[in-house]
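Just so you know, we're using full-length UniProt numbering here: the sequence shown kicks off at 1 and counts up by one. Here is the structure we will look at, set down as C-alpha cells.
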Amino acid sequence: MHGLSRLSNGVSSLSPPSSPRHRGSRGKTTSSPTTGGCGGGAGSFRVGGGGGGRAELKNVVERFGYFLISAMYRRRGVLLFAPLLYISGMLMYMGIFGFDAVNNISSGARDVVGPGSLYRSPQVFEKLWPFMEAENRSSNTLMNVWNPKLRQGWKPCIKQTVIQSGLSGFPKSNGFLIIEANGGLNQQRLSICDAVAVAGLLNATLVIPIFHLNSVWQDSSKFGDIFDEEFFIYALRNHVNVIRELPEDILQQFDNNISNIVNLRVKAWSSPTYYLEKVLPKLVELKAVRIAPFSNRLAHAVPPYIQGLRCLCNFEALRFSEPIRMLAAKMVDRMVKNSSKSGGKYVSVHLRFEEDMVAFSCCIYDGGEEEKREMDIVRERSWRGKFRRRGRVIRPGANRVDGKCPLTPLEVGMMLRGMGFDNTTSLYVAAGKIYKVEKHMAPLKQMFPGLETKDTLASPEELAPFMGHSSRLAALDYTVCLHSEVFVTTQGGNFPHFLVGHRRYFYEGHAKTIKPDKRKLAQLFDKPSIRWQDFKRQLQDMLRHNDVKGSELRKPSNSLYMYPMPDCMCRKSDARIEISSSASLLYDRQLCNSHYIQLFCVSMEIILLLSGNLEDETHKLIMAIIIIKNCKIQTRNYRCGRGDSCCPLIVEGTRMQ
1 MHGLSRLSNG VSSLSPPSSP RHRGSRGKTT SSPTTGGCGG GAGSFRVGGG GGGRAELKNV
61 VERFGYFLIS AMYRRRGVLL FAPLLYISGM LMYMGIFGFD AVNNISSGAR DVVGPGSLYR
121 SPQVFEKLWP FMEAENRSSN TLMNVWNPKL RQGWKPCIKQ TVIQSGLSGF PKSNGFLIIE
181 ANGGLNQQRL SICDAVAVAG LLNATLVIPI FHLNSVWQDS SKFGDIFDEE FFIYALRNHV
241 NVIRELPEDI LQQFDNNISN IVNLRVKAWS SPTYYLEKVL PKLVELKAVR IAPFSNRLAH
301 AVPPYIQGLR CLCNFEALRF SEPIRMLAAK MVDRMVKNSS KSGGKYVSVH LRFEEDMVAF
361 SCCIYDGGEE EKREMDIVRE RSWRGKFRRR GRVIRPGANR VDGKCPLTPL EVGMMLRGMG
421 FDNTTSLYVA AGKIYKVEKH MAPLKQMFPG LETKDTLASP EELAPFMGHS SRLAALDYTV
481 CLHSEVFVTT QGGNFPHFLV GHRRYFYEGH AKTIKPDKRK LAQLFDKPSI RWQDFKRQLQ
541 DMLRHNDVKG SELRKPSNSL YMYPMPDCMC RKSDARIEIS SSASLLYDRQ LCNSHYIQLF
601 CVSMEIILLL SGNLEDETHK LIMAIIIIKN CKIQTRNYRC GRGDSCCPLI VEGTRMQ
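Spelled out as C-alpha cells, the structure:
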C-alpha cells in the first residue's frame, strides 16, 4: 500500500558493466650466463643473445648486482614490482629521516618545524603595536568596507512552485512524523527545516520537534522556549501541516508512550527517493513514525519544491521566541548607539577559543607546561583516551601550518587592525567562556576599546532568564551578529554556517563576512620582523578577496542554508512584488513596537477580503500597495532583519523586490 506523496518516484539508471580484463601472454627472454676466464673464474652475461662483453666480478657488491640484473632479465615480471619497491623505499626514507614526524605529541617526537608552525603572535604584536597606535586615518574602513559594485542585487524570493503548491490545499495526510533534534541551536535549526522538507515530501503531518538534552550543551529548552511556536505553525500552514502534539487516539495506539512508536534509522544525507521507497510505506502502514536522531538526514540535492520548503522554514517560519527577540532588539539598539562614530555600523566576531576547542585542536600556544597539563586534563575528561590511542598522530606544528588552530583574540585583533579597522570600531564578540579570558582578551580590548559581549551589553537582570540555557544565549549572539555591518568567522561550525546564509538572504545576496585564510595568517603571525606596511597590504588583499567571494551561488554539493541563491532568492531585475504564503498571518490592528520600526496597521480583515480572488500579478500588485498605504511607517536608519524583531506586515508578509 502506497500513500500519495508530492514527488513521483525517480527511476535510477543502471551503471554500465565493468570492463573485462584483457590478459596478454608473457614472453620470456632468457640470458645465457657463462663462467670461466683467467685467474679463478670471472663471470659474464650475454644480453638478448647477442655477443656481449665480459665484466669481471671483483667483489661482493658486483656479484650481488650481477645476480639482481640476471634475475630481472630472466623474469621480466619482476619489473612490475619496481614502482612498489620505489614507493616503499621512499616511505621508509621519509619515516626514518623525517620531513614530518608522525608521533604522538606526548612522546616529544619531532614535529613540522618551518614558517607558520609556531605561535609567535605575541612577538609580532609587540613589534607592530607602535605602528597601530600611530596610524592616523582620515576615514574608518567600516564606512566603506564592501564594494557596492560587487553586489549582484538579489532579493528574497520563495520559488513560485512552493507558493502555488500551497494554494491548492493538501491531500489527505499519510500519517504523523515525529523527529528528535539534537545538538546546539543551529544543529536543531537544521533538523527542524529538514523535517519540514521531509514532511512535505511524504505529505505527512509534522509534530513539533522534540529537543534532545545534549550532554555537551546541557540545555533543557523546549521548542517554544527558543522559537515562536505559534508563528511557525501558522507560517507553514499552506505547505506543511504542523501540530503541537500527537492526537489522543493515535497516542493511545502506542500505549500513550511516544517511545513505543517505531524509530526508523535513516542514514545521513538520504535522498528523496529513499524516503519515498523506505519511509513512506511504513508511515502509511503505521500512521506514525519516529526518526531519531534527525541530523543531516536529508541530502543537499533535492527537487526545487523541497528546497523551497527548506527556504520557507529557515528564512521565514523560524523566528526566535518573544523573550529572545525583545532582549536581542535592545542589544542591537545599544550596539548601534555605541557605534555613532561609524554611522551605527559595527563588527561582530564569532570567537571560538573556549577551553574544549583549544584542547580538541591539539595546538600549542604560549602557556608552556601549565597549558599542556591543562589541555591533557580537558582532553581526557571530554574524550576519554581518544587522543592517547595507539597510532594516534598529533602534530601541533602541522595543524598550525594547515590553518587548523583556533585564532586567539590577539590574532583576531591584529587581523582586523591590519585590514584597516581602527580603534574607534565597535566590536561585538560572540563566544562561550574564553580559555584564560583575562590573559587572552586583554590585547583585543587594547586594540578595540569599544569591545562588547552579551555580558556587557545586557544587564545581569536581563540575562538571568537565559542563564543555564546555552541555545537561548546563542540566539542572542546570533541576532546581534546578524545585524552587524561585518561578521568575522574564525573556526567554522553550524553557527557561522547558518548565519552567513542568513546574512546573504538579508543583504541582497552578499554575506558581508570575513572568513580569514588561516594558512596565510599562520605565515604572517610567525614573522616577528615583518614590516607594518607589508602586514597591512597582505591583510587588505585578504579582505578584498572576501568581498569578491561574498556573493556565491550554491553548488549542488553545498547547503542552501549557507548559500540561499538561487533556491531562495531571485535577482532584482527579475523580481516582482509578491505576497508570500504568510501574508495572512497579520493580526487585527497589530502594533509592532521596536527600536527599529514602528507601524500601526489598519484592520487586516479588509485586506484579507481584498485578497480573496486574486489570480493575476496585477491584482497582487494592487493588494501590496493597499497594504503598504494603510500603514504609517517610521524608521530610524535601520535595515530591518527578517523574522526577528520587525512587524510581520513587512517582514513576514509583503516583500518588495
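Positions of the beta carbon are idealized from the N, C-alpha and C atoms, including for glycine. Small disclaimer: the values here were computed from a predicted structure and weren't measured.
- Across the structure, V284 and G175 are spaced so that their CA atoms are roughly 6 angstroms apart.
- When DSSP assignments are scanned along the segment 181-249, the uninterrupted stretches of alpha helix (DSSP H) that are 4 or more residues long and fall wholly within it turn out to be 185-202, 223-226, 229-235.
- The three-state secondary structure of R554, taken from DSSP, is coil.
- Inclusion of M331 and V480 in the CB contact set at 8 angstroms is warranted, their separation being smaller than that value.
- The beta-carbon separation of P406 and V358, rounded to 6 angstroms, stays under the 8 angstroms limit for a contact.
- Boundaries of the beta strand (DSSP E) around A430: 427-430.
- DSSP lists I291 as the bridge partner or partners of I179.
- Within the model, the alpha-carbon separation for S70 versus Y86 is close to 20 angstroms.
- Annotated as proximal: C311 and C568, with beta-carbon spacing under 8 angstroms.
- Secondary structure note for T453: it is in no alpha helix (DSSP H), with a DSSP letter that is neither H nor E.
- For E354, the secondary structure class from DSSP, reduced to helix, strand or coil, is strand.
- Rounded to the nearest angstrom, the gap between the Cα atoms of S295 and F131 is 48 angstroms.
- For the pair K433 and E322, the CB atoms are not nearer than the 8 angstroms cut-off.
- The Cβ-Cβ distance between I226 and F320 falls below 8 angstroms.
- Secondary structure at T513: strand, using DSSP grouped into helix, strand and coil.
- Between I306 and L202, the gap from beta carbon to beta carbon reaches 8 angstroms or more.
- By the neighbour-count definition (other C-beta atoms within 10 Å, threshold 16), T456 is an exposed residue.
- Burial state of S573 is exposed, judged by a 10 Å Cβ sphere holding fewer than 16 other Cβ atoms.
- Look at the segment 336-381 and you find these whole runs of beta strand (DSSP E), each 3 residues long or longer: 347-350.
- In the DSSP annotation of this structure, the continuous segment of the alpha helix (DSSP H) that includes M419 starts and ends at 409-419.
- Here L410 really is in contact with H440; their C-beta atoms are around 7 angstroms apart, less than 8 angstroms.
- DSSP, reduced to helix, strand and coil, places M569 within a strand of the structure shown.
- Here I434 is bridged, per DSSP, to E354.
- Here S221 has F211, H469, S471, R472 as same chain residues with Cβ atoms under 7 angstroms from its own Cβ, once five neighbours each way along the sequence are excluded.
- A straight-line Cα-Cα distance of about 8 angstroms links D356 and R379.
- Look at T141 here: in three-state DSSP terms it is helix.
- Judged by DSSP secondary structure, V486 falls within the beta strand (DSSP E) whose first and last residues are 486-489.
- Residue pairing from DSSP places N263 in a beta bridge opposite R290.
- Straight across, the Cα-Cα distance linking E370 with V393 is about 22 angstroms.
- When E133, R137, M415, R151 are compared, the shortest CA-CA separation from A511 is found for R151.
- Around the C-beta of D526, 16 or more other C-beta atoms lie within 10 Å, and the residue is accordingly described as buried.
- At the C-beta level, S559 and G509 stay beyond 8 angstroms of one another.
- Within its own chain, the residues whose Cβ lies closer than 7 angstroms to the Cβ of S270, once the five positions on either side in sequence are excluded, are R297, L298, A299, listed in chain order.
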